[in-house]
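Numbering (the UniProt record's numbering), first residue to last: 1 to 1143.
Where a beta carbon is used, it is the ideal one built from N, C-alpha and C, also for glycine.
The structure presented is a predicted model; accordingly, all values stated were derived computationally and were not measured.
A quick write-up on the structure given underneath.
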Amino acid sequence: MSATTSDKTLQQAKRNQAFENNPATANGQCPLKAGEIAIHPVRYAIDESPARGSAQGPNPLPNGWSAGHLPKLKTRSYTLRQLRDGWLYVWDETDRTLHEYQVEGHQFTRHKWGSAQLGEDERNNPGDSKPYLLYPKRSRLLIAYSPVQWTWRLCEKMRSNPQEQKRWMRALNLPQYCTQMQAAHAAPIREIGSAVADILAGGEAPTFKSCLVAANKDDSSRPCKQPIDQALILGSVPDQDSALFVALDDPMAIVDDLAMNLQGRWLELAAADKQHANKINSATLIQGLCGVKLDPFIPKSVLANPSRKQAFIKDAHNLLDSEAQLLNHSGSDATLTLKSLQVQRAQQQFRTNWGNPPSGPKWRALVEEWQQKKTWREDVRFDEAWSYLQERSDETERLNAHIQRSESDLLAWLKSLSPKAEEVFYDPCHPQQSTDLLDTMANLYEQLGASDTGKQWLCEQYGEPTTLAGLALFNFSAELSALIDKISANFTTYGAIDNQGRQADGSGQAHGGLSDTTSEVSRANEVKSVLDLPSVQASNLYKNLSDPGKRAFETLRNVVGQKAKDSWNLMAFVLLPALSTKFAPKVRIFAFSVTQVLVSTEISTQTRLILDPEFAKKNRQWQMQVAQLEKNIKGLQRTLALPGKGPDKRSARIQLLELEQKRGTLNLQRPNEVIGSVATETKISNVQTRQVNAWLATLGQSELLEQLQLKAKSATGYAARSRQWINQELGGSLPVLVAGLNVWNFINSLDKARNDGIFSADELRTVGANAAYTANALMALWTVPAWNKWASLKAVVNEKTVQLAQVGVKAWGINTQYRSLARSLALRTAGMAAFGAIAAGVEAWQVSKDIDKVTSAGETYALRTKQITLGLMSVVAGVQLVGSALGFWFGFAWVMSNPATIIIALLGVIYLIASMVANQYKREGLRLWLYRSSWGKSPTWTHSDEHHKEELRTLKEICLRPSLAARASTLPYYGRGPRIYTGFWLQLLLPSELAGASVKLQPAMVDSGWFSDSLMQGMADKFYDQFLEGHWAPIEQFGQPPAQRPNGPLPGDTLYPDGTQHRLWQTWIAYQRPPVLELEVRYPEQVLESTNGQGYMFRVDIGTSSSEADLKSDAFSKEPNSDMVLSSQSTRWLSLQVPHTSK
């Protein structure tokens, strides 16, 4: 019940309902005896949202009622509701009169037309308000609801056009109703409480929260129509037996409700995306990195269904697991049988759900890849991430399906609306009504433009408008749309607005068409053809336009310049994809720009299009310049593809880069047949008229060219210019006009230590341990055979027969031979034990440092075990050393006895196992990223926006990591004296993502005498030049640089076909010292943003065998590397242009 209805009024209405004013002798009055019939209009409306799994809302249409004349819906259902506040019009065919009522609440107020109201668009002459209409029973009525007051033009149109009356208004034949007691879309008024959702006969009032017009005032931003008790109507009508209610159509209300329904679905999806986007993105990366690509094995019908696709992947993962275990079997026959049974069960499960399981070489390769990534999957919560993706996929599929159904409902209604605004009772000649309808359409465009289906339908409607939405850009006027099409066709064909070869005012020679072949002399004398508002208004085409057409055009210009500017610009932006021959003919594409010029005053009060009569000449000259430039570029490309000297290749590469830049500049200087201009001062407040004219004259090409040239010179300046451009408020019309003209004119991208030149403290410890182990191995090489040979020798000492090592050296006394052998054996044993003790001790020290860098508890346990084992090995070796040293006085056979050997062997086994386990847990690079990712076993990042951004940046830095390999060249070496170095080969492997970009290189030779002497000082420039005097080599040659310095010309550049993942730069550097190189590789900021001001830092100690440089920079640290020469000193930056894919 309405809160505005007082209890006293309602009680009186209920008494009136119960005690009708009928004759005392009658049970009810026959409608035939009634002189007048009371009518209460209601409307077909969208019901509240239905329960999940149902399309029927809580307030269905009454039994016997049908909404068959309305489009069928998938997500909502129809109901009956009170009319919205607005206007009601009744045409009495019998009396030939048109009555106007204002609807407020459940009351209808008649506005009688006196002399003061005639001819006026806004009429106000209210009479009494009643909850019903009252008409003689002889009247044949046509009734229509309108959300706005009809303009006088529309009133006259409806009074004089019987065809449109019947098409737009609801017919109600009262004489027929009185005889048959029934009528289409009508019922006796006693049934109104049970039939109309918000007119109550008792029970709880509906809320209609999911409709634009709610039933309560909880949301002040939406209109409200509060429910009422049926007594307020039944208690007021003169006769309840003869009175009826009739349901009218309110198409714009239904469209508004369906748009709100669609918007709600988009908001649900947006909320889910905002909540889960980062988590989904990370999980998808984990699945892609740790899983395998199953798309080639997934049926097309499954690929299209996200939930079925995830179910397929789950079964495929089970199959991969079982087959990988069987493929890598290394156990007993019993476990082999068990694994075979597991494979059979997995295959049977797959066969049941999806058909025959995959097989063949590609599948076997996939199984091997799955097995290879097992360690990666163990570092992340792979199953949890996959389950999460499946859950989110189901939710996303559900939300998208709901969006598609909601969108189809809205499209069904929009397709049913005629192109004429008058059919929904809006007059496009009235400024406020035109503004309101444009605002409504802008909201619909925004909703539909968010999906491919909706956007395609809008684009198709622009190309060939058949509905109200299709003519929104033209103020819903088919006549205005046709006029602009005709103007566009004439202007692009004849150079004139009228098709008579002259401009509308009779001046100016017309353009001879796009294929004009007039002589250049006469063409030079032509006056440029101009299309602007004055010339259009002076044309015969415009003069022949009907008066409503002219008024619609002027109204459109007026409202677009004021309240409807944002709405009109939004629709124009949404329709930019329609500027394609896929959706619209060429003339319709040009009409888009014509509309901007004629309608929008945002750029200036008089914006115009200019057709250049010298376009053919300019275009021929431009094409000749392009052809010559392309010829020069291909010539240089052929030169680079052939063998040649390094300096010559570098020179050709520099020239090629200059020509490619010139080509880019030339492409932005392409002549345009039609350009824009402003004839008056621009209305864009922060830009001068001269600048606007420059943009329109070049269609934005000048601005882009300036930005690209600045980008080549200064990254900082380019970034500042870009920000300034983006933040510049240019309005909506200028960008749309430039885009439209551009589209139209266009129709006419291993061993760590050996590789390092300067050892860190950790590396020095490792080198020390390795050296000790090497010495220990050498001593063992000499000791063990000697022990086996000499230790068992026997002789008589103090009248006892003993073995050589069972007594001290001195015990052999004068037995010189045995004394010498015992002494030698003791010394060798002592040496072996000493080096063993040193090696184990130093490595234990190194392990203690490694423990500080562990990434998991498992790695900690393994390293601790290894450290303890090494300590025990050091102790045992120390005891052996002491025993060997005492061998001069005491027996030392126990040093190499079986117990000692067994202890060392056991410790060695433990050491080996601990080392293997530690290596299994050792993580770096991509594996470390996986382990620390938000889905890793030890996450460093959360799913917050900031952390997610850093997580992705780190992954990008790891994945785009370049590789560096080098090999020194020397003069022939015969094993005597020092090597004489001549230089070294350098190979730089870059990812294909850098194609077309310029990579910065900063080399440094780590040498105390680098360039210190006069000879090297003179070579400095040549040294740097040689880094850029190489060639692009086949990527399979990486890691295999030549062994000798180049002899003759360098090979030609390799052409990399589409799909090549890398680019390989190879060059030879002359350098006459033992080469130790540091190199910093820095990518452009738009490819990879550095967090510490450094690029990728490499160092390599270049030997005569190929060695790969070690990466010193850490993607996980924001602190700059400080262990290198380049960390504190700078040399010279070199620019290396990475080639595009060959075509």
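Selected residue, minimal CA-CA separation from residue i, among the options
i            : options                                : result
Ser-535      : Leu-575, Leu-598 and Ala-201           : Leu-598
Asp-449      : Glu-554, Ser-359 and Met-571           : The sequence shown places Gly at residue 449, rather than the Asp named in the question. Considering only alpha carbons, the answer is Met-571.
Trp-985      : Phe-1027, Glu-951, Arg-953 and Arg-138 : Phe-1027
residue 1156 : Pro-1139, Ser-146, Glu-93 and Ala-1020 : Given a span of 1 to 1143 for the chain in the structure shown, any question on residue 1156 remains unanswerable.
Ser-934      : Glu-36, Pro-419, Phe-1098 and Lys-279  : Lys-279
Tyr-931      : Lys-949, Cys-290 and Thr-493           : Cys-290
Leu-267      : Ser-406, Arg-377 and Trp-1068          : Ser-406
Phe-1098     : Ser-1106, Gln-1072 and Asn-1121        : Asn-1121
Gln-456      : Ala-401, Arg-159, Leu-576 and Leu-928  : Leu-576
Ser-393      : Ala-272, Gln-655 and Leu-336           : Ala-272
Ala-316      : Asp-250, His-948, Pro-296 and Ser-301  : Pro-296
Asp-239      : Lys-373, Ala-38 and Pro-50             : Ala-38
Leu-629      : Glu-658, Leu-640 and Thr-607           : Glu-658
Neighbour-count burial assignment, residue i, 16 or more Cβ in a 10 Å radius
i        : result
Pro-647  : exposed
Leu-1126 : buried
Glu-100  : buried
His-943  : buried
Ile-980  : exposed
Arg-588  : buried
Gly-996  : exposed
Leu-994  : buried
Ser-1128 : exposed
Gly-936  : buried
Gly-1093 : exposed
Arg-650  : buried
Lys-309  : buried
Lys-225  : buried
His-185  : buried
Beta-carbon contacts of residue i that lie in its chain and below 6 Å, excluding the five residues immediately before and after
i            : result
Glu-369      : Val-292
Ser-998      : Ser-1135 and Gln-1137
Tyr-445      : Met-571 and Val-574
Trp-1133     : Lys-1000 and Gln-1002
Ser-282      : Ser-934 and Trp-935
residue 1147 : Examination of residue 1147 is not possible in this model, given that the chain is present from 1 through 1143 alone.
Arg-265      : His-402, Ile-403 and Ser-406
Beta-carbon proximity of residue i to residue j, cut-off 8 Å
i        : j        : result
Phe-590  : Ser-488  : yes
Pro-361  : Gln-347  : no
His-1031 : Pro-1051 : yes
Ile-675  : Thr-595  : no
Ser-969  : Ala-1043 : yes
Val-367  : Leu-320  : yes
Glu-36   : Lys-157  : no
Met-252  : Cys-211  : no
Phe-1023 : Ala-965  : no
Val-1081 : Gly-1095 : yes
Contacts around residue i, its chain only, beta-carbon distance under 8 Å, and the 5 residues preceding and following it disregarded
i       : result
Pro-131 : His-40, His-106, Gln-107, Phe-108, Leu-232, Ile-233, Ser-236 and Val-237
Glu-104 : Asp-85 and Ser-129
Nonlocal neighbours in the same chain, by C-beta distance under 7 Å from residue i, ignoring five residues either side
i       : result
Ser-992 : Thr-1060, Gln-1061, His-1062 and Arg-1063
Asn-328 : Gln-371
Ala-171 : Leu-142
Gly-470 : Pro-419, Gln-461 and Tyr-462
Gln-263 : Gln-447
Glu-323 : Val-343 and Val-367
Residue i: CB within 7 Å of a non-hydrogen atom of the ligand NAP
i       : result
Ala-215 : The model depicted lacks the ligand NAP and carries no ligand whatsoever.
Q | Given 8 Å, three or more beta-carbon pairs between the region 409-426 and the region 61-74 | A | Verdict: yes, contact present.
Q | Inter-stretch contact at 8 Å, needing at least 3 Cβ pairs: the region 657-670 / the region 621-640 | A | yes
Q. Is the region 1083-1096 touching the region 951-962, taking contact as three or more C-beta pairs under 8 Å?
A. yes
(Q) Does the structure place the region 76-87 close enough to the region 138-156 that three or more beta carbon pairs sit under 8 Å? (A) yes
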